[in-house]
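Visitor:
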Amino acid sequence: MSKLGKLDIIDGRMISMEQERKEVKESLEYAYAEVETLKKENAELKKSDSETKKRLAKVEEQNSALNSRVIDLQARSMRDNLMFYNLPEREDENRNNLIHNLLQEQLGISDAKTIKIHRSHRIGRRTPGSRRPRAIVAKFNFYPDKERTLANAKRLNGTGIAISEQFPEEIVKLRKRLLPEMKKAREDGRR
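In the numbering used here, the protein residues as written are 30 to 220.
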């Protein structure tokens with residue numbers, strides 16, 4: 030092969046290598062542009078994510094505040110309510126009379142018939158075959174009557190019948206969780 034032929038081959042290879050270098054450069058420039066675009070998009074997404082997290086935190090805070098207000102309103106609406114447990118249940122019962130009789134005969138409240146009960150009902154559905162009577166919730170018209178009834182409830186010890194205040198479910202769960210601490214505090218002589 031002549032020198033000229035060899036130069037032509039070398040020249041062809043150089044042109045080919047120059048073309049490949051040009052293509053690699055263009056490819057790198059394209060990749061760099063893509064990376065820059067992705068960086069910008071990523072920065073925008075991070076900013077959007079941060080804003081979304083702030084909004085979510087605010088919504089959760091508002092939700093928590095509303096939930097607390099709902100629980101407070103429930104507790105206030107139940108303020109005049111008492112729960113009566115294990116009172117015999119009959120199909121044709123008059124719950125107000127049943128409560129008045131309990132107050133007079135077992136709690137010793139002589140003027141029990143004058144205590145006004147706004148409304149009373151059994152809680153839950155009657156389940157066939159169940160021996161345990163459903164609890165009764167009673168709303169007293171006057172708070173002092175409710176407090177007097179609750180104060181005399183200790184006379185029911187040993188009868189199987191019980192009286193307690195009605196609280197929203199969240200407060201009942203919290204009180205159950207705090208019960209061991211309360212018992213320990215009483216044992217330690219604290220109120």
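Beta carbons: idealized from backbone N, C-alpha and C, even for Gly.
Tell me the rounded alpha-carbon separation between residue 91 and residue 98.
Guide: About 10 angstroms.
Visitor: Scan the stretch 182-212 and note each continuous beta strand (DSSP E) run of 3 residues or more that stays entirely inside, going in chain order.
Guide: Correct list: 191-194.
Visitor: Roughly how many whole angstroms lie between the Cα atoms of residue 185 and residue 133?
Guide: Cα-Cα distance, rounded: 12 angstroms.
Visitor: If I measure Cβ to Cβ from residue 178 and keep anything under 8 angstroms in the same chain, skipping five residues before and after, which residues do I get?
Guide: Same-chain partners within the cutoff: 111, 132, 136, 138, 144, 169, 192.
Visitor: Quick one: grab the DSSP three-state call for residue 96.
Guide: Here residue 96 sits in helix by DSSP.
Visitor: Pull up the CB-CB distance for residue 128 and residue 165, whole angstroms please, since I reckon it's below 8 angstroms.
Guide: The Cβ separation is near 7 angstroms, so the contact holds.
Visitor: Are the CB atoms of residue 152 and residue 160 nearer to each other than 8 angstroms?
Guide: Contact: no.
Visitor: Which value, in whole angstroms, describes the spacing of the CA atoms of residue 180 and residue 157?
Guide: C-alpha separation (whole angstroms): 34 angstroms.
Visitor: With a threshold of 7 angstroms, establish whether the CB of residue 202 neighbours any heavy atom of the ligand GTP.
Guide: Looking at this structure, you won't find the ligand GTP or any other ligand, since it has none at all.
Visitor: Run the CB neighbour count on residue 77, radius 10 Å, all protein chains shown included, and call it buried at 16 or more, exposed below.
Guide: So residue 77 ends up on the exposed side.
Visitor: Between residue 117 and the rest of its own chain, which residues show a CB-CB distance below 7 angstroms, the 5 nearest in sequence each way excluded?
Guide: Cβ neighbours of residue 117 beyond the five flanking positions: 162.
Visitor: Can you tell me the Cα-Cα spacing of residue 197 and residue 104, whole angstroms?
Guide: Taking the straight line from one Cα to the other gives about 6 angstroms.
Visitor: How far does the beta strand (DSSP E) with residue 110 in it extend, from its first residue to its last?
Guide: Looking at the DSSP string, the run of the beta strand (DSSP E) that includes residue 110 is 110-114.
Visitor: Pull up the DSSP beta-bridge partners for residue 169, would you.
Guide: According to DSSP, residue 169 bridges with 146.
Visitor: Figure out for me which residue from 150, 201, 85, 141 has the closest Cα to the Cα of residue 121.
Guide: For the residues 150, 201, 85, 141, the minimum Cα distance to residue 121 belongs to 150.
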